[in-house]
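Shown next, in structure tokens, is the structure this report addresses.
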Amino acid sequence: MTTTNGDSQIIDSVKEYYGKKLKNVSDLQTQACVAPGRRVNKNVREAISQVHEEVASKYYGCGLVIPDKLEGIKVLDLGSGSGRDCFAISKLVGQNGQVTGIDMTDEQIEVARKYIDYHTKTFGYDKPNVNFVQGYIEKLLEAGLQENFYDLIVSNCVVNLSPDKCAVLSEAYKVLKEGGELYFSDVYCDRNLDDSVRKHETLWGECIAGALCWKDLISLAEKTGFSTPRLETVSPIPIDRDDFKKILGDAKFCSVTYRLFKLPKVEKSPPLQVIYSGDVTGCENQLDFDHRNHFKTGDVYTIDSELVTILKNSRFSDEFEFQPASKGVCETTGNTVDNPFDVLLEKEKKGEQVSPACCAPGKCC
């Protein structure tokens, strides 16, 4: 990654904001980093509840980045901060799993490392299954991480803080195994923001000024080799402060969780029928894969060719029975990339409310 003077200033500003200015979640100036995500199952709630209070108090995520089926896998957390997500995931992957957190902020890394032994004992492990690396999410290989190593990468309200988002996705692609997933929650805008917004230090730190226009993620995913982004959850982010409203104008923001996969280069599969087994822990009755695809145990669904490739080559491969497609069964929609703001409007028209999730300390589901 080539770092310009402007990029360096942004990185230094973010380090200062999260290392010096923010002491706990109550110091945040907007709701971008405590926006609700999805409802979670009992195992996830229990894992989060066991995270040490000091670690949780310094949590600044914008959603929930703990997907399903984690037992025994290797996970990397980009911008791991105080380690809340890492420690919760370390409980869910089990003693034989492995979790790595990477963060550039001295103060956050110090807090995370301080509580490794605490969580090892709390979870009843013989040895730690989590470690923290100091480094930049745009330079994962330079930080010493291995190529083709991780089954899953998570990131919670961090990619928007990077001035070089293409580098972040490119490095993530390199360290993922084939069939691996980038599962991340981030802040998006309905338009490209003006330079006056981009240069606002507080709005950068608050995850607003660095927000991508949602359309740009599609081209970034394609450019770096990932599959089409699949929207899982979306939540509105209100801007309440009058001074920020004046700077931002009519721009709208939302928190979105997307799934991107590193797929093998294989011949395009025809649509197939799949039947979900019901064997994923916490999802015995239904597996919610994205906002369009919800697999009830034992039911038959016809899925698009890219989702066939994802399910056959990812950690979900043993959870589905595959068979040739036929007429007269439930059909899921294709891999259209939805405008998250349209999805929110659709929910509003239907009178649906966004499901709460575990974000700010003490506000869990």
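Residue numbers are given in our numbering: position 47 of the sequence shown equals residue 89, and the series is strictly consecutive. The beta carbon of each residue, even a glycine, is placed where N, CA and C say it ideally should be.
Cβ separation of residue i and residue j, assumed to be a contact under 8 Å, to the nearest whole Å
{"i": "Gly125", "j": "Gly143", "result": "6 Å"}
{"i": "Ile131", "j": "Val117", "result": "5 Å"}
{"i": "Gln140", "j": "Asn190", "result": "That pair is no contact at about 15 Å."}
{"i": "Lys216", "j": "Leu245", "result": "Going by Cβ atoms, the distance from Lys216 to Leu245 rounds to 31 Å, so no, they are not a contact pair."}
{"i": "Val229", "j": "Asn202", "result": "5 Å"}
{"i": "Leu386", "j": "Val276", "result": "6 Å"}
{"i": "Ala293", "j": "Asp232", "result": "7 Å"}
{"i": "Trp256", "j": "Asn381", "result": "7 Å"}
{"i": "Leu254", "j": "His333", "result": "About 19 Å separates the two Cβ atoms, so there is no contact after all."}
Residue closest to residue i, alpha-carbon to alpha-carbon, out of the options
{"i": "Glu180", "options": "Pro205, Gly252 and Val196", "result": "Pro205"}
{"i": "Cys296", "options": "Val107, Ser227, Lys338 and Phe331", "result": "Ser227"}
{"i": "Met146", "options": "Leu120, Phe129 and Phe362", "result": "Leu120"}
{"i": "Ser319", "options": "Pro306, Asp341 and Val308", "result": "Asp341"}
{"i": "Asn138", "options": "Arg155, Gly166, Asp148 and Ser122", "result": "Gly166"}
{"i": "Glu326", "options": "Ile317, Asp258 and Tyr178", "result": "Ile317"}
{"i": "Ile289", "options": "Gly267, Lys241, Asn198 and Glu149", "result": "Lys241"}
{"i": "Thr162", "options": "Gly136, Gln176 and Pro382", "result": "Gly136"}
{"i": "Tyr178", "options": "Tyr160, Val200 and Thr164", "result": "Val200"}
{"i": "Gln188", "options": "Phe174, Lys219 and Leu106", "result": "Lys219"}
{"i": "Gln92", "options": "Gly105, Leu106 and Asp127", "result": "Asp127"}
{"i": "Gly291", "options": "Pro306, Phe383, Asn234 and Ser99", "result": "Asn234"}
{"i": "Lys354", "options": "Val322, Val298, Glu390 and Gly221", "result": "Gly221"}
{"i": "Glu309", "options": "Glu264, Glu348, Val322 and Glu274", "result": "Glu348"}
{"i": "Gly267", "options": "Ser99, Pro306 and Asp284", "result": "Pro306"}
{"i": "Asn198", "options": "Val298, His336 and Glu361", "result": "Val298"}
{"i": "Phe383", "options": "Pro278, Glu264 and Ser368", "result": "Pro278"}
Reduced DSSP category for residue i - H, G, I as helix; E, B as strand; rest coil
{"i": "Cys128", "result": "helix"}
{"i": "Gly42", "result": "Any question about residue 42 goes unanswered here, given that the chain covers just 43 to 407."}
{"i": "Leu386", "result": "helix"}
{"i": "Arg272", "result": "strand"}
{"i": "Gly247", "result": "helix"}
{"i": "Leu259", "result": "helix"}
{"i": "Lys116", "result": "strand"}
{"i": "Ile179", "result": "coil"}
{"i": "Asn173", "result": "strand"}
{"i": "Tyr192", "result": "strand"}
{"i": "Leu254", "result": "strand"}
{"i": "Glu363", "result": "strand"}
{"i": "Tyr167", "result": "coil"}
{"i": "Asn83", "result": "coil"}
{"i": "Asn198", "result": "strand"}
{"i": "Thr162", "result": "helix"}
{"i": "Ser204", "result": "coil"}
{"i": "Asp148", "result": "helix"}
{"i": "Val97", "result": "helix"}
{"i": "Val379", "result": "coil"}
{"i": "Ile345", "result": "strand"}
{"i": "Phe358", "result": "coil"}
{"i": "Ser368", "result": "coil"}
{"i": "Ser122", "result": "coil"}
{"i": "Lys441", "result": "Since the displayed the chain opens at 43 and closes at 407, residue 441 lies outside it and no answer follows."}
{"i": "Val298", "result": "strand"}
Same chain, Cβ closer than 8 Å to residue i, neighbours up to 5 away in sequence not counted
{"i": "Leu134", "result": "Asn85, Val86, Ala89, Ile108, Leu112 and Glu113"}
{"i": "Glu223", "result": "Pro109, Asp193, Leu194, Ile195, Arg301, Leu302, Phe303, Lys304, Ser356 and Arg357"}
{"i": "Tyr157", "result": "His94, Glu96, Val97, Gly125 and Phe129"}
{"i": "Val371", "result": "Caution applies to Val371, whose pLDDT of 49 falls short of 50 and renders its modelled position unreliable; the value that the coordinates give is listed next. Taken in chain order, the residues that qualify are Gln315, Val342, Tyr343 and Thr344."}
Own chain, CB closer than 7 Å to residue i, minus 5 neighbours either side, in chain order
{"i": "Val379", "result": "Ile260, Thr270 and Pro271"}
{"i": "Leu262", "result": "Lys207, Cys208 and Leu211"}
{"i": "Ser186", "result": "The sequence given here has Gly at residue 186, not Ser. The answer, listed in chain order, is Val175."}
{"i": "Asp321", "result": "Glu361"}
Same chain only: Cβ atoms within 6 Å of residue i, ignoring 5 sequence neighbours per side
{"i": "Val350", "result": "Ser311 and Leu314"}
{"i": "Lys169", "result": "none"}
{"i": "Ala214", "result": "Ile195 and Leu224"}
{"i": "Ile352", "result": "Phe303"}
{"i": "Glu394", "result": "none"}
{"i": "Lys338", "result": "Gln328"}
{"i": "Gly324", "result": "Asn83 and Asn85"}
{"i": "Asp160", "result": "Correcting the residue type first, residue 160 is Tyr in the shown sequence and not Asp. Counting only Cβ-Cβ distances below 6 Å, and skipping sequence neighbours, we find His94."}
{"i": "Thr164", "result": "Gln92"}
{"i": "Tyr101", "result": "Arg126"}
{"i": "Asp330", "result": "His336"}
{"i": "Gly105", "result": "Gly79, Ser227, Ser297 and Thr299"}
{"i": "Glu363", "result": "Ile317"}
Could I get the ranges of all uninterrupted beta strand (DSSP E) runs contained in the region 300 to 336, with 3 residues as the minimum, in chain order? Fully enclosed beta strand (DSSP E) runs of 3 or longer: 314 to 318 and 328 to 330.
Please give the ranges of any alpha helix (DSSP H) in the region 207 to 240, keeping only runs that are unbroken, at least 4 residues long and fully inside the region. Within the region 207 to 240, the complete alpha helix (DSSP H) runs of at least 4 residues are 207 to 217 and 237 to 240.
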